[in-house]
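Working notes, beginning with the structure itself.
Protein chains: 6
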Amino acid sequence: METWLTSLITKTPQEGFELAIKLSRMGVKYTQPSAEVRDKLRPAYAENADSLTMASHVVAVNFQTVAAANNYWR
Amino acid sequence: METWLTSLITKTPQEGFELAIKLSRMGVKYTQPSAEVRDKLRPAYAENADSLTMASHVVAVNFQTVAAANNYWR
Amino acid sequence: METWLTSLITKTPQEGFELAIKLSRMGVKYTQPSAEVRDKLRPAYAENADSLTMASHVVAVNFQTVAAANNYWR
Amino acid sequence: METWLTSLITKTPQEGFELAIKLSRMGVKYTQPSAEVRDKLRPAYAENADSLTMASHVVAVNFQTVAAANNYWR
Amino acid sequence: METWLTSLITKTPQEGFELAIKLSRMGVKYTQPSAEVRDKLRPAYAENADSLTMASHVVAVNFQTVAAANNYWR
Amino acid sequence: METWLTSLITKTPQEGFELAIKLSRMGVKYTQPSAEVRDKLRPAYAENADSLTMASHVVAVNFQTVAAANNYWR
Chain S
0 METWLTSLIT KTPQEGFELA IKLSRMGVKY TQPSAEVRDK LRPAYAENAD
50 SLTMASHVVA VNFQTVAAAN NYWR
Chain Z
0 METWLTSLIT KTPQEGFELA IKLSRMGVKY TQPSAEVRDK LRPAYAENAD
50 SLTMASHVVA VNFQTVAAAN NYWR
Chain U
0 METWLTSLIT KTPQEGFELA IKLSRMGVKY TQPSAEVRDK LRPAYAENAD
50 SLTMASHVVA VNFQTVAAAN NYWR
Chain V
0 METWLTSLIT KTPQEGFELA IKLSRMGVKY TQPSAEVRDK LRPAYAENAD
50 SLTMASHVVA VNFQTVAAAN NYWR
Chain D
0 METWLTSLIT KTPQEGFELA IKLSRMGVKY TQPSAEVRDK LRPAYAENAD
50 SLTMASHVVA VNFQTVAAAN NYWR
Chain B
0 METWLTSLIT KTPQEGFELA IKLSRMGVKY TQPSAEVRDK LRPAYAENAD
50 SLTMASHVVA VNFQTVAAAN NYWR
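Protein chains in written order, with numbering that gives the first Met the number 0: chain S, 0 to 73; chain Z, 0 to 73; chain U, 0 to 73; chain V, 0 to 73; chain D, 0 to 73; chain B, 0 to 73.
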């Protein structure tokens, strides 16, 4: 896989949250490398409330990591 | 996306909890940007006990992050 | 919303556990503000083993936060 | 509720694990106070592999808290 | 229950991971003490992808605890 | 089992993420040692959005551990 993650440090909390989203998506991508398959799954998934909550949960876990790495941008 | 998160620091624990709720909702919004779709999903979701528990779980994870950032408002 | 959370500090671990329960319920309440709807959901939910385990899980996550805030009542 | 939790400190890791189990069960008990209902739910639950994994998950989260409280019994 | 956990310290990360697996299984065993029932559940469970992911999740949570106890074997 | 984990330290965050993926897969492998069975489960699993989110969740938990071990590569 190409280089996609060189640092957990971000300038702002929001960039950190967006990095958490990227980490969550990469966790999926390593399991399902086909962009075609992932795109096919997206519509049903993005219209299911529980699926969206599950996605937000993964982001929250990754955001814990990124926030700790940045000492909570204090 | 517009700027929506500039700090994890809040004045009180309750404001921290409410920030955790915002983070949880933004985790959904990044996956499903359409407010129309999200609004359509809400009624069924908000009347399903397990869906509500799942939502509360995500808030709890985000609240861990916000509470740590604020040194637990000690 | 009225003020409901002014501190994470409790006198005993048990009070801390009970605060974790309150946090878990407030996570639900922010998503479903209607007490009537929440009461309607309760019977089925409280008699489903997996729903109860899920609820206990959220309490466990919130208890981590409260326990850390209180330096584990050491 | 009667006093059931006065300290997170235990003599051994195993006692800590058993405290984590107690915390997990109390998380259920606060939601479903009826011992009769909980006993009725137990047979089906204890013979469902996913339900058992979910229970073990909650114990793991509570064990994190107890282990940290005891400085990992180092 | 017999003594099965006297320390969280292990010589290597791999032994720590294997201790995390033991902790995860003991979380199940305390809920379902019958080896016969657990063995009966295993085949279906071990051939269901989501059940396996759930099991790996519990191991990951316990591995966090064991790794912290060992100061990450640094 | 052969030696597969001698250190949690990695040179870069991306290698740390990839180690988290390995840990997640090993959590499955210890439960289902048969590569044949695991391969048989993969197609359906890799085309189910919720299964992929669950997998990404486990990676996120393990990444927390690896990131802490590496002091977040700061």
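Glycine is no exception: its CB is placed at the ideal position from the N, C-alpha and C atoms.
- Starting from the Cα of Thr30(Z), find the closest Cα among Ile8(S), Glu14(S) and Ala48(S) and give me that residue. In the second sequence, the residue the question calls residue 30(Z) occupies position 31. Proximity to Thr30(Z) across Ile8(S), Glu14(S) and Ala48(S) peaks at Ala48(S), based on C-alpha coordinates.
- Query: Per DSSP, what kind of secondary structure is Met0(Z) in: helix, strand or coil?
  - Reply: Here the question's residue 0(Z) lines up with position 1 in the second sequence. In the three-state scheme derived from DSSP, where H, G and I count as helix and E and B as strand, Met0(Z) is classed as coil.
- Message: Just to check my reading of the structure: Ala66(V) and Ala66(U) have Cβ atoms closer than 8 Å, yes? What is that Cβ distance to the nearest angstrom?
- Response: Taking the first residue of the fourth sequence as position 1, residue 66(V) is located at position 67. Taking the first residue of the third sequence as position 1, residue 66(U) is located at position 67. Not confirmed; about 11 Å, so no contact.
- Item | Interface residues of chain E facing Gln13(B) [CB-CB closer than 8 Å] | In the displayed structure, chain E is absent; the protein chains listed are S, Z, U, V, D and B.
- Please compile the residues from chain U whose C-beta is within a distance smaller than 7 Å of the C-beta of Leu4(V). The residue you call residue 4(V) lines up with position 5 of the fourth sequence. Ordered by position in chain U, the residues that pass the 7 Å Cβ test against Leu4(V) are Pro12, Gln13 and Phe16.
- Local conformation of Glu35(Z) per DSSP, three classes: As a working mapping, residue 35(Z) is identified with position 36 in the second sequence. In this structure, Glu35(Z) counts as helix in the three-state DSSP scheme.
- Message: Whole angstroms are fine: how far does the CA of Arg24(B) sit from the CA of His56(U)?
- Response: Within the third sequence, numbered from 1, the residue matching residue 56(U) stands at position 57. Within the sixth sequence, numbered from 1, the residue matching residue 24(B) stands at position 25. For His56(U) and Arg24(B), the distance between alpha carbons rounds to 24 Å.
- Message: Give me the subset of the region 46-62 of chain B whose CB atoms are less than 9 Å from a CB atom of chain S, sorted by chain position.
- Response: Under the 9 Å Cβ criterion, the region 46-62 of chain B contributes Glu46, Asn47, Ala48, Asp49, Ser50, Leu51, Thr52, Met53, Ala54, Ser55, His56, Val57, Val58, Ala59, Val60 and Phe62.
- Task: Determine the contact status of Thr5(U) and Pro12(Z), defining contact as a CB-CB distance below 8 Å.
- Result: Position 6 of the third sequence, counted from the start, is the residue given in the question as residue 5(U). Position 13 of the second sequence, counted from the start, is the residue given in the question as residue 12(Z). Between Thr5(U) and Pro12(Z), the C-beta gap is smaller than 8 Å, which places the two residues in contact.
- Query: Curious, which full-length beta strand (DSSP E) runs of at least 3 residues does the region 5-52 of chain D contain?
  - Reply: You should have found no qualifying run.
- Coil, strand or helix - Asn69(B) by DSSP: As a position in the sixth sequence, residue 69(B) is number 70, starting the count at 1. DSSP places Asn69(B) in coil when its eight states are reduced to three.
- Message: For a cutoff of 8 Å on Cβ pairs, would you count Ile20(D) as touching chain B?
- Response: Taking the first residue of the fifth sequence as 1, we reach residue 20(D) at position 21. Yes - at least one Cβ of chain B is within 8 Å of the one on Ile20(D).
- So, is the C-beta of Arg73(S) closer than 8 Å to a C-beta in chain Z? Numbered from 1 along the first sequence, position 74 holds the residue referred to as residue 73(S). With 8 Å as the cut-off, Arg73(S) counts as an interface residue toward chain Z.
- Query: Is it buried or exposed for Asn61(Z), if we count other Cβ within 10 angstroms and need 16 for buried?
  - Reply: On the second sequence, residue 61(Z) is found 62 positions in, with the first residue counted as 1. The residue is buried, with at least 16 neighbouring Cβ atoms inside 10 Å.
- Query: Cα separation between Glu35(D) and Glu35(B)?
  - Reply: Along the fifth sequence, read from residue 1 onward, the residue named residue 35(D) stands at position 36. Along the sixth sequence, read from residue 1 onward, the residue named residue 35(B) stands at position 36. Going from the Cα of Glu35(D) to the Cα of Glu35(B) covers about 26 Å.
- Measure the Cβ-Cβ separation of Gly26(Z) and Ala45(S) and say whether it is below 8 Å. As a working mapping, residue 26(Z) is identified with position 27 in the second sequence. As a working mapping, residue 45(S) is identified with position 46 in the first sequence. With contacts defined by Cβ atoms closer than 8 Å, Gly26(Z) and Ala45(S) do not form a contacting pair.
- Task: Grab me the residues of Ala19(B)'s own chain with a C-beta within less than 7 Å of its C-beta, minus the 5 sequence neighbours each way, in chain order.
- Result: Position 20 of the sixth sequence, counting from 1, holds the residue named residue 19(B). If you ignore the 5 residues before and after Ala19(B), its C-beta comes within less than 7 Å of the C-beta of Val58, Asn61, Phe62 and Val65, all in its own chain and listed in chain order.
- Query: Considering only residues of the same chain and omitting the five flanking positions on each side of Arg37(Z), which have a CB-CB separation below 8 Å?
  - Reply: Here residue 37(Z) is taken as the residue at index 38 of the second sequence, counted from 1. Within the same chain, Cβ atoms closer than 8 Å to the Cβ of Arg37(Z) are found at Val27, Lys28 and Gln31, the five residues on either side in sequence being excluded.
- Using the beta-carbon of each residue, which ones in chain S are nearer than 7 Å to Thr30(Z)? Along the second sequence, one-based indexing puts residue 30(Z) at 31. Residues of chain S passing the Cβ test: Ala45, Leu51 and Ala54.
- What in chain B is Cβ-close to Ala34(S), meaning under 9 Å? In the first sequence, residue 34(S) corresponds to position 35, counting from 1. In chain order: nothing, as chain B lies at least about 13 Å away.
- Can you give me the Cβ contacts of Ser50(U) inside the same chain, cut-off strictly under 7 Å, excluding the 5 residues immediately before and after it? Mapped onto the third sequence, residue 50(U) falls at position 51. Excluding positions up to five away in sequence, the list reads Tyr44.
- Message: Spatial neighbours of Met22(Z) within its chain, please: C-beta separation below 7 Å, excluding the five flanking residues on both sides.
- Response: By one-based count along the second sequence, residue 22(Z) stands at place 23. Correcting the residue type first, residue 22(Z) is Leu in the shown sequence and not Met. Once the five neighbours on either side are set aside, the close Cβ partners of Leu22(Z) are Asn61.
- Near Ile8(U), what residues of its chain come up, given a Cβ to Cβ distance below 8 Å and the 5 sequence neighbours on each side ignored? Counted from its first residue, the third sequence places residue 8(U) at position 9. So the list reads Ala68 and Asn69, once near-sequence residues are dropped.
- Establish whether the CB of Thr64(U) and some CB of chain Z are separated by less than 8 Å. The sequence position of residue 64(U) within the third sequence is 65, counting from 1. Yes, Thr64(U) counts as interfacial toward chain Z.
- For Leu40(D) and Glu88(Z), the rounded distance between their alpha carbons: Absent from the structure is residue 88(Z), since the part of chain Z shown begins at 0 and ends at 73.
- Task: Keeping to the same chain, check which residues put their C-beta closer than 7 Å to that of Thr2(Z); ignore five residues upstream and five downstream.
- Result: If you number the second sequence from 1, residue 2(Z) lands on position 3. Correct list: empty, nothing qualifies.
- With distances taken Cα to Cα, identify the nearest neighbour of Glu17(S) among Lys10(Z), Met0(Z) and Phe16(Z). If you number the first sequence from 1, residue 17(S) lands on position 18. Nearest to Glu17(S) by C-alpha distance, out of Lys10(Z), Met0(Z) and Phe16(Z), is Met0(Z).
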